[in-house]
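The structure appears right after this line, and notes come after that.
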Amino acid sequence: GAVVSQHPSRVICKSGTSVKIECRSLDFQATTMFWYRQFPKQSLMLMATSNEGSKATYEQGVEKDKFLINHASLTLSTLTVTSAHPEDSSFYICSAGNDRGYGYTFGSGTRLTVV
Amino acid sequence: GENVEQHPSTLSVQEGDSAVIKCTYSDSASNYFPWYKQELGKGPQLIIDIRSNVGEKKDQRIAVTLNKTAKHFSLHITETQPEDSAVYFCAARGGGTASKLTFGTGTRLQVTL
Numbered sequence: 390g391a392v393v394s395q396h397p398s399r400v401i402c403k404s405g406t407s408v409k410i411e412c413r414s415l416d417f418q419a420t421t422m423f424w425y426r427q428f429p430k431q432s433l434m435l436m437a438t439s440n441e442g443s444k445a446t447y448e449q450g451v452e453k454d455k456f457l458i459n460h461a462s463l464t465l466s467t468l469t470v471t472s473a474h475p476e477d478s479s480f481y482i483c484s485a486g487n488d489r490g491y492g493y494t495f496g497s498g499t500r501l502t503v504v
Numbered sequence: 719g720e721n722v723e724q725h726p727s728t729l730s731v732q733e734g735d736s737a738v739i740k741c742t743y744s745d746s747a748s749n750y751f752p753w754y755k756q757e758l759g760k761g762p763q764l765i766i767d768i769r770s771n772v773g774e775k776k777d778q779r780i781a782v783t784l785n786k787t788a789k790h791f792s793l794h795i796t797e798t799q800p801e802d803s804a805v806y807f808c809a810a811r812g813g814g815t816a817s818k819l820t821f822g823t824g825t826r827l828q829v830t831l
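First to last, the sequence lines map onto chains C and X. Numbered per the working numbering, the first sequence spans residues 390 to 504. Numbered per the working numbering, the second sequence spans residues 719 to 831.
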């Protein structure tokens with residue numbers, strides 16, 4: 390079945406630094422990539438949607454200059470959290486919309502802790 | 719935009735009993751309704767989904783029903799097992815050109831021995 394590999398699974402960074410999270414679709418072409426943020430015991434909140442080769446569309450309230458999304462190929466999308474602060478600590482999850490129809494495949498998530 | 723409500727927020731059942739989780743959605747043009755299971759520290763895993771042209775779908779112990787008129791859909795788990803304990807999310811894919819999923823608030827299911 391469709392697999393999305395997300396790395397790293399956990400990362401701790403110092404306040405003010407940047408962190409890059411990668412998501413790769415292993416056996417299908419991810420025409421659309423969704424990036425979510427999830428706080429403890431809460432639901433998934435969509436941050437942005439990106440289509441291969443196009444600029445990402447950000448949800449209301451999400452700072453596009455802080456959360457940089459790159460979707461340069463059909464198998465790789467990255468989320469870079471720039472100038473991270475403790476309030477950016479969260480669980481980040483990617484989801485790839487495949488080219489086969491309705492399905493969405495989720496990555497395993499990245500636990501970001503900013504100290 | 720789409721709004722999805724999910725109930726209950728927590729559900730405790732004894733092993734072997736059935737569990738039912740219900741969701742309602744607001745966009746009548748929504749056409750795809752997946753259910754995800756999320757274990758602690760992991761990404762959501764699709765367990766079953768249903769499209770708007772189908773009223774019911776079953777996969778072993780798991781079933782989903784959809785009532786388009788009432789705009790609600792439900793997850794049914796029969797013969798629950800301890801490994802079913804997790805957080806379950808429903809979602810709806812809106813109509814029109816949007817392809818994003820809107821998630822419910824989640825249900826924490828606890829299956830006790």
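Glycine residues also receive a C-beta, built at the ideal position from the N, C-alpha and C atoms. Fair warning: this is a prediction, and the values are worked out from it, not measured in the lab.
Under the three-state DSSP convention, the category residue i falls into
i: residue 733 of chain X; result: coil
i: residue 752 of chain X; result: strand
i: residue 777 of chain X; result: strand
i: residue 723 of chain X; result: strand
i: residue 802 of chain X; result: helix
i: residue 767 of chain X; result: strand
i: residue 411 of chain C; result: strand
Exposure of residue i, with buried meaning 16 or more beta-carbon neighbours within 10 Å
i: residue 777 of chain X; result: exposed
i: residue 779 of chain X; result: exposed
i: residue 746 of chain X; result: exposed
i: residue 811 of chain X; result: buried
i: residue 787 of chain X; result: exposed
i: residue 453 of chain C; result: exposed
i: residue 460 of chain C; result: buried
i: residue 449 of chain C; result: exposed
i: residue 462 of chain C; result: exposed
i: residue 818 of chain X; result: buried
i: residue 830 of chain X; result: exposed
i: residue 802 of chain X; result: buried
i: residue 748 of chain X; result: buried
i: residue 416 of chain C; result: exposed
i: residue 395 of chain C; result: buried
i: residue 825 of chain X; result: buried
Partners in chain X for residue i, counting only beta-carbon separations shorter than 7 angstroms
i: residue 435 of chain C; result: 818
i: residue 502 of chain C; result: The premise fails here: residue 502 of chain C is roughly 13 angstroms from chain X at the closest Cβ pair, so nothing lies under 7 angstroms.
i: residue 423 of chain C; result: 818
Under 8 angstroms by beta carbon: chain X residues contacting residue i
i: residue 479 of chain C; result: None at all; the shortest Cβ gap to chain X is about 13 angstroms.
Per-residue contacts from residue i into chain C (C-beta, under 7 angstroms)
i: residue 871 of chain X; result: One cannot answer for residue 871 of chain X here, as it falls past the ends of chain X, which runs 719 to 831.
Proximal chain C residues relative to residue i, where beta-carbon distance stays under 9 angstroms
i: residue 823 of chain X; result: 431, 432
The stretch 402-412 of chain C contacting the stretch 469-485 of chain C, beta-carbon criterion three pairs below 8 angstroms: In short, these stretches touch, since the Cβ pair count reaches three.
Could you please tell me which residues of the stretch 799-812 of chain X, in chain order, have their CB closer than 8 angstroms to any CB of chain C? Here the close residues are 807, 811.
Inter-stretch contact (C-beta, 8 angstroms, three-pair minimum) for the stretch 460-470 of chain C and the stretch 409-417 of chain C: Touching, per the Cβ criterion.
Against chain X, which members of the stretch 400-415 of chain C pass a CB distance test of less than 8 angstroms? Taking 8 angstroms as the Cβ-Cβ cut-off against chain X, none of the residues of the stretch 400-415 of chain C qualify.
Which residues, in chain order, does the stretch 440-472 of chain C contribute to contact with chain X at a C-beta distance below 7 angstroms? Contact residues of the stretch 440-472 of chain C toward chain X are absent (C-beta to C-beta distance below 7 angstroms).
Indicate whether the contact test is met: 3 or more Cβ pairs, each with one atom in the stretch 417-428 of chain C and one in the stretch 730-737 of chain X, closer than 8 angstroms. Put simply, the stretch 417-428 of chain C does not touch the stretch 730-737 of chain X. Fewer than three CB pairs are less than 8 angstroms apart.
Indicate whether the contact test is met: 3 or more Cβ pairs, each with one atom in the stretch 441-452 of chain C and one in the stretch 719-732 of chain X, closer than 8 angstroms. Proximity of the stretch 441-452 of chain C to the stretch 719-732 of chain X falls short of the contact definition, fewer than three beta-carbon pairs being nearer than 8 angstroms.
Do the stretch 424-436 of chain C and the stretch 475-485 of chain C touch if we need at least three Cβ pairs shorter than 8 angstroms? Enough Cβ pairs lie closer than 8 angstroms, so yes.
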